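Residue numbers (the numbering used here): 15 to 466.
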Amino acid sequence: MNRKRKINLVKGMKDILPDEQNYWNLIKQKVDKIAYNYGFSRIDTPLVEFTDLFKRTVGEDTDIINKEMYSFITKGGDKLSLRPENTASIVRSYIEHGMLNLSQPVKLYYFGQQFRHDNPQKGRYRQFWQFGFETLGDNDPIIDAQLIAVSYFILKELGLDIEIQINNIGDEESRKNYLKILKQYYNNKKNSLCDICKKRLNKNTLRLLDCKNIKCQELVEDAPQTLDYLNEESRDNFMMVLEYLDELEIVYNLNTKIVRGLDYYNKTIWEIIEKDKGGKLLALGGGGRYDDLVSLLGGREEVSAAGFAIGVERVIISLHKNKIEIPKIKKPDIYVAQLGLEARKEALKLFEYLRKENFRVIENMSKKGLRDQLDIANRKGVKYTLILGQKEINNKTILVRDMESGVQEILDINKIKKEINKRLSKSVTRSVIKKVKKKKKIVKKKTKKTKK
Ligand code: HAM
């Protein structure tokens, strides 16, 4: 075996490099903030669950279960899978931890990795991140509307131009009636269907509406629509969801072709798509009501639920694509530089002192030359470099270098906190004045132009 052979990243996986982390932090902050306001508590479930959990919930005849699961048998003989999505685990956890006995609804959110052995391409990975919100124990249509609102506002507030596509696949009774009609429609056109749809016709008829094959898509155009077969209860429920969305001025498109790729949904379902500006549009997220999942996993009959998940990598791709600027991480204020062994020991302590006093301070203690350290300080954009050498240690002083002007001052080391604070607040005032002057210049220029 060649021990020095290069080992590459596993296909479909992705490194999240330091440069990208501010995008991730921004999304996490936005998700945490909106979760707090809407009363959702964070939950983290394991990456690994019993394979049966997903088979019974996501559905035996779905792409996820048929083709995309990372499943394995442990040495102890357990059949386990890496989670392809998070909703089933949340429902398992809700039942297992007796959350049925808490005041309802229980509102949970997550931010974590999922695994699907899909064909990798832009926006499609084998390990990817989702954040999601789930509300369990309430069937009021306001819950559906609020979940849609949360999914919409998070992406809107990140600056993305998005579209909500919404459909309703009815309750059990409505769906039964609809599926009967849909099957009849497709049975008459069986020969024109693609091979996959031929197989799905009797097992999972709804998914025929979702097929990407051109011939099948042509058939979808004239297929009966779910909304025409809703019973009164499902119809009233859906009308309320839409009314609440109107109140919130959330623009949605009714799209009777969306069915979602997972089996557990009923009534309201929705997808969040990038707004069409040409090019391939990414589906950023999706969700819906899943009133039967809790009882399917052994919980109480009457616990209805709804939720959604959004793919984080896709959101970041969309932010880049739309050139949306995101807040930069604040630059450090101070750099601690040192020269010689004794100074380095003192600098270690000084750095810790400043860090604990909440200064934005950085260091590179392994560097020995002052030139190197000043170069780093410059690159990082710090305002002041504090320099400690043998002479400063002997005199209990410290050299402070203003990185903009290059002016250096010798200060009493015991007064360092006060002295730095004084300089930092002056430099804040300086930068505010600079900004105001810049703005005034722009206004002047504009008024000159309009006078002309
Ligand atoms: P999903 O539609 O399968 O729903 O996934 C939601 C989002 O995850 C997708 O819209 C997409 O942005 C992202 N996603 C899915 N697969 C990949 C992939 N291979 N690579 C990158 N991103 C991907 C669910 O997972 C449901 N659990 C949503 C839900 C929550 N329904 C109710 N509650």
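Cβ coordinates follow ideal geometry from the N, Cα and C atoms, glycine included.
All figures in this text were calculated on a predicted structure; none of them were measured in a lab.
Let me know if residue i comes out buried or exposed under the rule of 16 or more other beta-carbons within 10 Å of its beta-carbon.
{"i": "Ser-188", "result": "buried"}
{"i": "Gly-403", "result": "buried"}
{"i": "Met-253", "result": "exposed"}
{"i": "Lys-462", "result": "exposed"}
{"i": "Ile-412", "result": "buried"}
{"i": "Met-27", "result": "exposed"}
{"i": "Leu-310", "result": "exposed"}
{"i": "Lys-204", "result": "exposed"}
{"i": "Gln-144", "result": "buried"}
{"i": "Phe-373", "result": "buried"}
{"i": "Leu-23", "result": "exposed"}
{"i": "Glu-261", "result": "exposed"}
{"i": "Tyr-258", "result": "buried"}
{"i": "Asp-158", "result": "buried"}
{"i": "Pro-134", "result": "exposed"}
{"i": "Arg-385", "result": "exposed"}
{"i": "Lys-194", "result": "exposed"}
{"i": "Asp-305", "result": "buried"}
{"i": "Glu-377", "result": "buried"}
Less than 7 Å separating the Cβ of residue i from some heavy atom of the ligand HAM?
{"i": "Thr-219", "result": "no"}
{"i": "Asp-132", "result": "yes"}
{"i": "Asn-100", "result": "yes"}
{"i": "Leu-174", "result": "no"}
{"i": "Gly-300", "result": "yes"}
{"i": "Ala-297", "result": "yes"}
{"i": "Phe-322", "result": "yes"}
{"i": "Arg-415", "result": "no"}
{"i": "Gly-146", "result": "yes"}
{"i": "Tyr-123", "result": "no"}
{"i": "Phe-6", "result": "What the structure shows of the chain is the stretch from 15 to 466, and residue 6 is not part of that stretch, so it cannot be assessed."}
{"i": "Gly-126", "result": "no"}
{"i": "Pro-192", "result": "The sequence shown places Tyr at residue 192, not Pro. Answer for Tyr-192: no, Cβ out of range of the ligand HAM."}
{"i": "Leu-402", "result": "no"}
{"i": "Gly-313", "result": "no"}
{"i": "Ser-137", "result": "For the record, residue 137 in the displayed sequence is Gly; it is not Ser. Yes."}
{"i": "Arg-328", "result": "yes"}
{"i": "Leu-276", "result": "yes"}
{"i": "Tyr-304", "result": "yes"}
{"i": "Gly-112", "result": "no"}
{"i": "Gly-325", "result": "yes"}
Per DSSP, which residues does residue i bridge with? Please list them.
{"i": "Ile-178", "result": "Tyr-266, Ile-286"}
{"i": "Pro-93", "result": "The question names Pro, but residue 93 is Lys in the sequence shown. Looking at the DSSP assignment, Lys-93 forms a beta bridge with Ile-87."}
{"i": "Phe-142", "result": "Gln-128"}
{"i": "Gln-467", "result": "Examination of residue 467 is not possible in this model, given that the chain is present from 15 through 466 alone."}
{"i": "Phe-64", "result": "Leu-94"}
{"i": "Ile-348", "result": "Val-375, Tyr-398"}
{"i": "Thr-149", "result": "Lys-121, Ala-320"}
{"i": "Leu-425", "result": "Ile-412"}
{"i": "Asn-218", "result": "Paired residues: none, contrary to the question."}
{"i": "Ser-55", "result": "Leu-122"}
{"i": "Asn-280", "result": "Arg-303"}
Could you pull the start and end residues of the alpha helix (DSSP H) that residue i belongs to?
{"i": "Gln-118", "result": "Run containing Gln-118: none; DSSP gives neither H nor E here."}
{"i": "Asp-416", "result": "Note, Asp-416: premise wrong, no alpha helix (DSSP H); beta strand (DSSP E) at 411-416."}
{"i": "Ala-102", "result": "101-110"}
{"i": "Arg-328", "result": "326-335"}
{"i": "Leu-307", "result": "307-310"}
{"i": "Ala-297", "result": "It is not in any alpha helix (DSSP H) - Ala-297 instead sits in the beta strand (DSSP E) that spans 297-303."}
{"i": "Glu-257", "result": "246-261"}
{"i": "Ala-159", "result": "155-171"}
{"i": "Gln-3", "result": "The shown model of the chain, from 15 to 466, leaves out residue 3, and the question about it has no answer."}
{"i": "Lys-229", "result": "228-235"}
{"i": "Asn-80", "result": "77-81"}
Name the two residues that bound the continuous beta strand (DSSP E) containing residue i.
{"i": "Phe-365", "result": "No beta strand (DSSP E) holds Phe-365; the alpha helix (DSSP H) holding it covers 355-370."}
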